[in-house]
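Q: Just so you know, the sequences run in chain order C and X.
Each residue of the first sequence is one higher than the one before, starting from 1 at the first, in our numbering.
Each residue of the second sequence is one higher than the one before, starting from 219 at the first, in our numbering.
One structure coming up, written as structure tokens, with questions to follow.
2 protein chains.
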Amino acid sequence: MALQARPARPLRADAVRNRDRLLAAAKQVFGERGLDAPLEEIARRAEVSIGTLYNHFPTREAFFDAILPERLAALERIAAAAMADPDPWRGFTGFLEGLFALQAEDQGLNDAMARRLPLSEGVLASCHQGFELAGQVVERAKESGTLRADFEMRDLPLLVWAMSQVIRESMGVAPQAWRRCLSFFLDGLRAETARPLSVPAMADEQLDAIRLRTTPGS
Amino acid sequence: MALQARPARPLRADAVRNRDRLLAAAKQVFGERGLDAPLEEIARRAEVSIGTLYNHFPTREAFFDAILPERLAALERIAAAAMADPDPWRGFTGFLEGLFALQAEDQGLNDAMARRLPLSEGVLASCHQGFELAGQVVERAKESGTLRADFEMRDLPLLVWAMSQVIRESMGVAPQAWRRCLSFFLDGLRAETARPLSVPAMADEQLDAIRLRTTPGS
DNA sequence: TTAGAAGTTGAGGGAAGCCTCAATTTCTTG
DNA sequence: CAAGAAATTGAGGCTTCCCTCAACTTCTAA
Numbered sequence: 001m002a003l004q005a006r007p008a009r010p011l012r013a014d015a016v017r018n019r020d021r022l023l024a025a026a027k028q029v030f031g032e033r034g035l036d037a038p039l040e041e042i043a044r045r046a047e048v049s050i051g052t053l054y055n056h057f058p059t060r061e062a063f064f065d066a067i068l069p070e071r072l073a074a075l076e077r078i079a080a081a082a083m084a085d086p087d088p089w090r091g092f093t094g095f096l097e098g099l100f101a102l103q104a105e106d107q108g109l110n111d112a113m114a115r116r117l118p119l120s121e122g123v124l125a126s127c128h129q130g131f132e133l134a135g136q137v138v139e140r141a142k143e144s145g146t147l148r149a150d151f152e153m154r155d156l157p158l159l160v161w162a163m164s165q166v167i168r169e170s171m172g173v174a175p176q177a178w179r180r181c182l183s184f185f186l187d188g189l190r191a192e193t194a195r196p197l198s199v200p201a202m203a204d205e206q207l208d209a210i211r212l213r214t215t216p217g218s
Numbered sequence: 219m220a221l222q223a224r225p226a227r228p229l230r231a232d233a234v235r236n237r238d239r240l241l242a243a244a245k246q247v248f249g250e251r252g253l254d255a256p257l258e259e260i261a262r263r264a265e266v267s268i269g270t271l272y273n274h275f276p277t278r279e280a281f282f283d284a285i286l287p288e289r290l291a292a293l294e295r296i297a298a299a300a301m302a303d304p305d306p307w308r309g310f311t312g313f314l315e316g317l318f319a320l321q322a323e324d325q326g327l328n329d330a331m332a333r334r335l336p337l338s339e340g341v342l343a344s345c346h347q348g349f350e351l352a353g354q355v356v357e358r359a360k361e362s363g364t365l366r367a368d369f370e371m372r373d374l375p376l377l378v379w380a381m382s383q384v385i386r387e388s389m390g391v392a393p394q395a396w397r398r399c400l401s402f403f404l405d406g407l408r409a410e411t412a413r414p415l416s417v418p419a420m421a422d423e424q425l426d427a428i429r430l431r432t433t434p435g436s
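Written as structure tokens, this is what we have:
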């Protein structure tokens, strides 16, 4: 802690102002158009030149570092709320609903959670931490006998990928459609209804390989 | 029928050869990299100049028209096979498995079915026809009491979007992972396990709006 | 065999993004 | 109120991909 690079001199007043405007614009633009939105659009919306943008945030990832961890912290809150629910199944479903609602309200967050772009160490750590508690939510629901026993933490990325696309396609026109899709999914995750699975969960190395892949998509 | 634009003169021999090479290359490239792959890559792989490519296929969509309908015809075969299965539920699940297996083996087809790009009338018609029979598969499964009664044809796009992303992300590293995801889904589509849904299916107009949207993604 | 139609070629112009840097402006501090 | 440090600016170079077209090559058929 206190590892912050200490600024020998504080930022000049106009620089602080521009930095704030850039951050605000970036939140908006990434939220609307996703993490691959053109940086020039951010500069334009901040009413600042592209040079100034690069002065404050030398890479796209610098924006991510400044924006995403704060957003991802919501995950922890959602997971904590889920643990606070006395009903383990309701906790589990509430967690997923909260998670996807988050993705639904911010296209950039959706990209981040579906790992559509390479993310920095810092952002990955935030993400990881957000899902730390989620492990407990899943475990508790399994132990209570409501969540199917063969569901594993490593299946969560499948859900996130799946829902991220549903959200992305339907948000503009049918903002609730993803909830219907999630309902189908959840009905398939109940222990009572579970049929044996023919395919094992992904191995951690497989997940890592996908995450580290620099080329998104294929 | 016999509406084919009749070529006043047949194509010259070298032109036929180049056209074939281009089509073969396009199938490969779209299959590997998706429908938005650079056309120059296709020309390169066909060992033909970019000018020749544009001579034979003046737009990207011209490639789609030449490639996709044939591929989409497989949908009909899959649906027909599903109807041939005496067990309506097995027919239904078999149809979905076949559909997604198709998406899994061709990134371009995946893009087309998830409507990641605007498609021409002709391709849309093929797509539509492919899903014509699918309606019967769904109806039969519902009538038999195995598929939940509140599942509707218009929910199918949700599944396709969801699975398309799972397939896209996991194919390279865990080529079977999508089957696991589908199993969860299918267990949620059985009538016995169905809980009431809180959200109605999308309206046709909503689906159309999404399909006609020119800007893919957001 | 050869004229002319058919087809091919690839340099190059255009658009969208990325990013840099020399010149200029603005702020701060003595 | 300077002087100099800090910050801003935007034209422009770079890349990737799109698409065109005038010059060239190849094929066909008389």
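For each residue, glycine too, the CB sits at the ideal point set by N, CA and C.
Note that this is a predicted model, so its numbers are computed, not measured.
Only counting runs of 4 or more residues, tell me where the alpha helix (DSSP H) segments fall wholly within the region 354-409 of chain X, in order along the chain.
A: 374-388 and 395-405, all fully within the region 354-409 of chain X.
Q: So, is the C-beta of Glu41 of chain C closer than 7 Å to a C-beta in chain X?
A: No - not a single Cβ of chain X is within 7 Å of the one on Glu41 of chain C.
Q: When the Cα of Pro418 of chain X is compared with those of C:Thr193, C:Ala201, C:Trp178 and C:Phe185, which residue comes out closest?
A: Minimum Cα distance to Pro418 of chain X is reached at C:Trp178.
Q: For chain X, find out if any of its Cβ atoms is closer than 7 Å to the Cβ of Gly188 of chain C; answer yes or no.
A: Yes - at least one Cβ of chain X is within 7 Å of the one on Gly188 of chain C.
Q: Please report the distance separating the alpha-carbon of Glu361 of chain X from that of Ala43 of chain C.
A: For Glu361 of chain X and Ala43 of chain C, the distance between alpha carbons rounds to 57 Å.
Q: Whose C-alpha, out of C:Pro118, C:Leu96, C:Phe30 and C:Tyr54, is nearest the C-alpha of Leu212 of chain C?
A: Minimum Cα distance to Leu212 of chain C is reached at C:Pro118.
Q: Secondary structure at Leu119 of chain C, three-state DSSP: helix, strand or coil?
A: It is coil, neither helix nor strand.
Q: What are the boundary residues of the alpha helix (DSSP H) that includes Phe57 of chain C?
A: Note, Phe57 of chain C: premise wrong, no alpha helix (DSSP H); not H, not E.
Q: Quick one: Cα of Asn273 of chain X to Cα of Ala280 of chain X, how far?
A: Between Asn273 of chain X and Ala280 of chain X, the C-alpha separation is close to 11 Å.
Q: So, is Lys234 of chain X buried or exposed, given that buried needs 16 or more other C-beta atoms within 10 angstroms?
A: Per the sequence shown, residue 234 of chain X should be read as Val rather than Lys. When all chains shown are included, Val234 of chain X counts as exposed.
Q: If you count every other CB in all the chains shown that lies within 10 Å of the CB of Leu351 of chain X, and 16 or more means buried, which is it?
A: So Leu351 of chain X counts as buried.
Q: Can you list the residues of chain X that Thr193 of chain C reaches, using a CB-CB cut of under 8 Å?
A: Here the neighbours are Asp405, Gly406, Arg408, Glu410 and Thr411.
Q: Take Met301 of chain X as the anchor and find which of X:Val341, X:Glu259, X:Leu314 and X:Gln354 has the nearest alpha-carbon.
A: Minimum Cα distance to Met301 of chain X is reached at X:Gln354.
Q: Rounded to whole angstroms, what's the CA-CA distance from Ile78 of chain C to Leu407 of chain X? Just pull it up for me.
A: Ile78 of chain C and Leu407 of chain X: Cα-Cα distance of roughly 27 Å.
Q: What separation, rounded to the nearest whole angstrom, lies between the Cα atoms of Leu39 of chain C and His346 of chain X?
A: Roughly 39 Å separates the two Cα atoms.
Q: Taking the beta carbon of Pro445 of chain X as the centre, do at least 16 other beta carbons fall within 10 Å, making it buried, or is it exposed?
A: An answer regarding residue 445 of chain X cannot be provided, because it is not within the stretch 219 to 436 covered by chain X.
Q: Nearest-angstrom Cα distance between Phe64 of chain C and Ile50 of chain C?
A: If you take the alpha carbons of Phe64 of chain C and Ile50 of chain C, they lie about 17 Å apart.
Q: What residue range does the alpha helix (DSSP H) around Asp14 of chain C cover?
A: Element bounds for Asp14 of chain C: Ala13 to Arg33.
Q: What span of residues does the alpha helix (DSSP H) with Arg45 of chain C cover, start to end?
A: Run containing Arg45 of chain C: Leu39 to Ala46, per the alpha helix (DSSP H) assignment.
Q: For Ala162 of chain C, would you say it is in contact with chain X, using Cβ-to-Cβ distances shorter than 7 Å as the test?
A: So yes, Ala162 of chain C belongs to the interface.
Q: Got a sec: is the Cβ-Cβ distance from Cys399 of chain X to anything in chain C below 7 Å?
A: Taking Cβ atoms only, chain C reaches closer than 7 Å to Cys399 of chain X, which makes this a yes.
Q: Which chain X residues sit within Cβ distance under 7 Å of Glu169 of chain C?
A: Near Glu169 of chain C (Cβ distances below 7 Å), the residues of chain X are Trp379 and Ile428.
Q: Taking C-alpha atoms, which residue in C:Asp111, C:Pro86, C:Gly98 and C:Glu121 lies nearest to Arg168 of chain C?
A: Nearest C-alpha to Arg168 of chain C: C:Asp111.
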